[in-house]
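Numbering (the numbering used here), first residue to last: 105 to 154. Yeah, the Cβ is synthetic: ideal placement off N, Cα and C, and Gly gets one too. All values derive from a computational prediction rather than experimental measurement. So the structure is just underneath, and the comments pick up after that.
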Amino acid sequence: MCFLKCSDLALMFACHNLFLGYATKIYKSLVRSTMLSKTYADFLSAMHVN
């Protein structure tokens, strides 16, 4: 593991960046959908109250 070549390090770095970008996208979409569902739930509960 200590004797990694430069190409291996570059590949690992690229994969890491790709993974981070992908994870960030997933997280943002999850947050967005959670906020949307919460707003929808609030809307439904408000409709039931009236």
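Hey, how far is the Cα of residue i from the Cα of residue j?
| i | j | result |
| --- | --- | --- |
| MET105 | PHE123 | Reliability fails at MET105, whose pLDDT of 49 lies under 50, so the model's placement of it is uncertain and the value that follows must be treated cautiously. If I take the Cα positions, the gap works out to 21 Å. |
| ASP146 | MET139 | 10 Å |
| ALA114 | SER133 | 29 Å |
| LYS142 | THR128 | 21 Å |
| ALA150 | ILE130 | 30 Å |
| ASN121 | SER111 | 15 Å |
Which residue comes first and which comes last in the alpha helix (DSSP H) that contains residue i?
| i | result |
| --- | --- |
| LYS129 | 110-153 |
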